[in-house]
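What follows is a set of notes on a single structure, which appears directly below.
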Amino acid sequence: MDTARDFWNGSSIEDITPERDAEEIMNVRSSDNFDSPLPLSNPYIAAYLIVIVATAVVSNSLVLLVMSLRKKKLRTFQLCLISMCISDLLFSLCLHPMSIATALGYDAKSIFNQSGCLYFGIMALFFGTYDMVAHSLIAVLRYVNLCHPSGECVSRRSLLSLLVVCVLYSMVWSIGPAFDLGRYQTFEVGCTIAFSDRTLSGRTFVNCAFVFVFFIPLAVTVYSYVAIVLEAGKQRSVLEKLGHVTSFGSSRLAVELKLIRVSPLLLLV
Numbered sequence: 000m001d002t003a004r005d006f007w008n009g010s011s012i013e014d015i016t017p018e019r020d021a022e023e024i025m026n027v028r029s030s031d032n033f034d035s036p037l038p039l040s041n042p043y044i045a046a047y048l049i050v051i052v053a054t055a056v057v058s059n060s061l062v063l064l065v066m067s068l069r070k071k072k073l074r075t076f077q078l079c080l081i082s083m084c085i086s087d088l089l090f091s092l093c094l095h096p097m098s099i100a101t102a103l104g105y106d107a108k109s110i111f112n113q114s115g116c117l118y119f120g121i122m123a124l125f126f127g128t129y130d131m132v133a134h135s136l137i138a139v140l141r142y143v144n145l146c147h148p149s150g151e152c153v154s155r156r157s158l159l160s161l162l163v164v165c166v167l168y169s170m171v172w173s174i175g176p177a178f179d180l181g182r183y184q185t186f187e188v189g190c191t192i193a194f195s196d197r198t199l200s201g202r203t204f205v206n207c208a209f210v211f212v213f214f215i216p217l218a219v220t221v222y223s224y225v226a227i228v229l230e231a232g233k234q235r236s237v238l239e240k241l242g243h244v245t246s247f248g249s250s251r252l253a254v255e256l257k258l259i260r261v262s263p264l265l266l267l268v
């Protein structure tokens, strides 16, 4: 139909080629990235992002330094914390410079073209998914160690294998748009999932991201921490009956309860 319309509009047969059609299709696809607001050019946003990057680099580097100094005394789940620090560092160093450059006035259409938006979206969703899954893994490890202490503790080799699974899991749910399964689109400071995409692949990608990237890791984390709280309540009631309430404050479960209060803040961050 396009060929016939070009012919009736006066185009010659020589002008109607497969190469021209392919080029027009690529132009249409590249314009899809800009059917939403482009990343903003604003010095205040640039300053804010620079502070975020500096804070992330310094804080995560300090955590890695402390962990390296006491590597012989590291507990199993602390390896997950190390991997999350590395993930946050890579996110800040690999993605935020693109947003900072745009905020400083560089051409947003050149930085966040089809390839740039795809790169930003894949990396952002990958690191975000990995952090969610790593939080879930930490919660499960705490649950197993505290609520089922008689079971075998996870070895470091097994944990490294689980972390590799987390990486592959994150990759699977972020790389879909590279194969036309869903789409990323620009927003004020980068690229994100195209929630406004009404195509079948777009709706499928959004729903899968909600279920497998957000809901399932969150449900596993909440279940594990709720189970720890319930187990702590059982142990406290037993100690109260025996008249040893003060000993609960120094128990492992009491310490974990204090850490659990901070966990929701980590998930929000």
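Read left to right, the sequence shown gives residues 0 to 268 (numbering that gives the first Met the number 0).
Ideal Cβ positions, reconstructed from N, Cα and C, are used throughout, including at glycine.
Owing to the predicted nature of the structure, the values given are computational and were not obtained by experimental measurement.
Exposed or buried, which one is residue i when buried takes at least 16 other CB atoms within 10 Å?
| i | result |
| --- | --- |
| glycine 104 | exposed |
| aspartate 130 | buried |
| threonine 54 | exposed |
| isoleucine 24 | The pLDDT assigned to isoleucine 24 is 39, lower than 50, so where the model puts this residue is not dependable, and the model offers no usable value. |
| leucine 180 | exposed |
| glycine 201 | buried |
| tyrosine 347 | A query on residue 347 cannot be resolved here, the shown segment of the chain reaching from 0 to 268 and no further. |
| phenylalanine 213 | exposed |
| histidine 147 | exposed |
| leucine 199 | exposed |
| arginine 156 | exposed |
| arginine 141 | buried |
| phenylalanine 275 | The structure shown does not extend to residue 275, since the chain is modelled only from 0 to 268, so the question has no answer here. |
| serine 52 | Note on residue identity: the sequence assigns valine, not serine, to residue 52. Valine 52 is buried by the Cβ-count criterion. |
| leucine 145 | buried |
| alanine 46 | exposed |
| glycine 115 | buried |
| glycine 232 | exposed |
| alanine 193 | buried |
| alanine 123 | buried |
Below 6 Å CB to CB, which residues in the same chain sit around residue i once its five sequence neighbours on both sides are set aside?
| i | result |
| --- | --- |
| glycine 318 | Lying before the first or after the last residue shown, residue 318 is absent from the chain, which here runs from 0 to 268. |
| leucine 278 | In the structure as shown, the chain begins at 0 and stops at 268. Residue 278 is therefore absent and cannot be evaluated. |
| leucine 276 | With the chain covering only 0 through 268, there is no way to say anything about residue 276. |
| tryptophan 7 | Its pLDDT being 42, under 50, tryptophan 7 is placed unreliably in this model, and the coordinates cannot settle the point. |
| aspartate 196 | Arg182 |
| asparagine 41 | Ala102 |
| glycine 175 | Gly181 and Phe204 |
Starting from residue i, follow its DSSP beta bridges and name the residues at the other end.
| i | result |
| --- | --- |
| glycine 189 | Phe186 |
Looking only at its chain, what residues have a beta carbon closer than 7 Å to the beta carbon of residue i, apart from the 5 residues adjacent to it on each side?
| i | result |
| --- | --- |
| leucine 136 | Cys79, Leu161 and Cys165 |
| isoleucine 110 | Met97, Ala100 and Thr101 |
| aspartate 170 | It should be noted that the sequence gives methionine, not aspartate, for residue 170. Around methionine 170: Phe125. |
| valine 153 | Thr75 and Leu140 |
| serine 82 | Ala133 and Leu162 |
Excluding sequence positions up to five away, which residues of its chain have a Cβ less than 8 Å from the Cβ of residue i?
| i | result |
| --- | --- |
| alanine 177 | Leu117 and Ile121 |
| leucine 48 | His95, Ser98, Ile99, Ala102 and Val188 |
| glutamine 77 | Met66 |
| proline 36 | Thr185, Phe186 and Glu187 |
Checklist entry - Contact between the region 105–115 and the region 57–73: three or more CB pairs below 8 Å? => result no
Item to check | alpha helix (DSSP H) runs contained entirely in the region 37–112, provided each spans 4 or more residues | outcome: 42–68, 77–93, 95–102 and 107–110
Checklist entry - Taking contact to mean at least 3 C-beta pairs separated by less than 8 Å, is the region 160–172 in contact with the region 91–102? => result Below 8 Å, too few C-beta pairs join the region 160–172 and the region 91–102 to call them touching: fewer than three.
Checklist entry - Which ranges would you report for the beta strand (DSSP E) in the region 153–222 if only whole runs of at least 3 residues count? => result 183–186 and 189–192
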